[in-house]
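In terms of numbering that gives the first Met the number 0, the sequence shown opens at residue 0 and continues consecutively.
Below is one structure, written out as structure tokens; comments come after it.
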Amino acid sequence: MTKKRVAVLISGRGSNMTALIEAAKAQDYPAEIMLVVANLPAAPGLARARQAGIATAIVDHRTFGSDREAFERALDAQLQAHGIDIVCLAGFMRLLSPWFVARWSGRLINIHPALLPQFKGLHTHRRALAAGVKRHGATVHFVVPETDSGPIIVQESVPVIDGDTEETLSARVLEVEHRIYPQALRLVAEGLATFAAAGGETAAR
Ligand code: GRF
């Protein structure tokens with residue numbers, strides 16, 4: 000089995016990144032985490048990746064000012080340099096341009112802490128509580144230019160319990176995230192979940 004070479008992009012603590020690293024240790028897992036890239040040098044997940052013996056890179060978006068394209072070209076250069084096949088966004092807090100998304104289309108996935116298409120964007124747990132939904136959850140999806148909108152690969156729900164706070168609800172959802180992200184990456188790496196953008200180029204390497 001040729002394992003797919005995966006990069007994980009983070010901005011923060013990296014607990015989903017860690018779940019992917021752990022899952023990829025299994026011999027029969029079809030993907031290998033080759034690189035972790037952070038857009039913030041202070042991202043705590045970087046140290047966790049280094050401890051796990053994984054190559055890390057920092058592409059600090061602030062050094063590129065408002066030049067989003069230059070930031071993304073630097074990011075892309077890191078991915079190319081490591082021969083990456085699949086990119087996993089895991090708490091990566093930068094919006095990616097249509098150029099970058101098209102370049103990695105079908106090979107770029109994200110985890111979102113809500114049952115998409117509900118609660119796109121930020122503060123999903125707070126908004127789920129305010130809306131009074133009975134179930135909440137997490138979704139792994141292919142990335143398309145519109146934020147949090149691509150085809151769903153895996154989704155799992157949890158109950159919202161009386162007395163839940165943002166903290167208790169997010170902890171319950173996070174457990175699900177750590178389970179479904181490795182499942183979704185497996186499906187993509189095995190070619191069992193695919194996505195080709197309509198009329199788009201999917202492999203513009
Ligand atoms: C997760 O809830 C993820 O779904 C969201 O940001 C959070 C990142 O957490 N996009 P971590 O850095 O993976 O611990």
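For every residue, glycine included, the Cβ atom is placed at its ideal position computed from N, Cα and C.
Keep in mind the model is a prediction, meaning the values are calculated, not measured.
Inset, instruction - Indicate the three-state DSSP secondary structure (helix, strand or coil) for Val7 in the structure shown. - result: strand
Inset, instruction - Using only the heavy atoms of the ligand GRF, determine whether one of them is closer than 6 Å to the beta carbon of Pro112. - result: yes
Inset, instruction - State the Cα-Cα distance for the pair Leu186 and His111, rounded to the nearest angstrom. - result: 17 Å
Legend entry - C-alpha gap between Ala282 and Met0, whole angstroms: Look at the range of the chain in this structure, 0 to 204, and you will see that residue 282 is not part of it.
Inset, instruction - Give the DSSP bridge partners of Ala69, in chain order. - result: Answer is none; Ala69 lacks a bridge partner.
Legend entry - Residue burial classification, Glu68 (beta-carbon count within 10 angstroms, cutoff 16): exposed
Inset, instruction - Kindly indicate which residue of Lys2, Glu21, Ala76 and Ser10 has the alpha-carbon position closest to the one of Tyr180. - result: Glu21
Inset, instruction - May I ask you to check if the CB of Ser14 is nearer than 6 Å to at least one heavy atom of the ligand GRF? - result: yes
Legend entry - Glu176 - DSSP class collapsed to helix/strand/coil: helix
Legend entry - Between the CA atoms of Gly162 and Thr70 - distance to the nearest angstrom: Per the sequence presented here, residue 70 reads as Phe, with Thr not at that position. Cα to Cα, the separation comes out at about 43 Å.
Inset, instruction - Compute every distance between the C-beta of Ala89 and the non-hydrogen atoms of the ligand GRF, then say whether any falls below 6 Å. - result: yes
Inset, instruction - Label Leu8 either buried or exposed according to how many other C-beta atoms from any shown protein chain fall within 10 Å of its C-beta, with 16 as the threshold for buried. - result: buried
Inset, instruction - Run the proximity test for Gly11: is its beta-carbon closer than 6 Å to any non-hydrogen atom belonging to the ligand GRF? - result: yes
Inset, instruction - Spell out a yes or no on whether the region 32 to 51 and the region 111 to 122 are touching, meaning 3 or more CB-CB pairs, one atom from each, closer than 8 Å. - result: no
Legend entry - Whole-angstrom C-beta distance between Ala130 and Thr123, which should lie under 8 Å: About 10 Å; that fails the 8 Å criterion.
Inset, instruction - Could you tell me whether the Cβ atoms of Lys133 and Val159 are closer together than 7 Å? - result: yes
Inset, instruction - Report all residues from its chain with a CB closer than 8 Å to the CB of Ala127; omit the five preceding and five following residues, and keep chain order. - result: Ala113, Gln117, Phe118, His135, Val159 and Leu168
Legend entry - Beta-carbon spacing of Ala25, Glu31 below 7 Å: no
Legend entry - Span separating the alpha-carbon of Ala37 from that of Ala197: 30 Å
Legend entry - Cutoff 6 Å; reference Ala183; Cβ partners in own chain excluding five residues on either side: Val139, Ile152 and Val153
Legend entry - Beta-carbon contacts of Arg215 that lie in its chain and below 6 Å, excluding the five residues immediately before and after: For residue 215 there is no data in the structure shown, the boundaries of the chain being 0 and 204.
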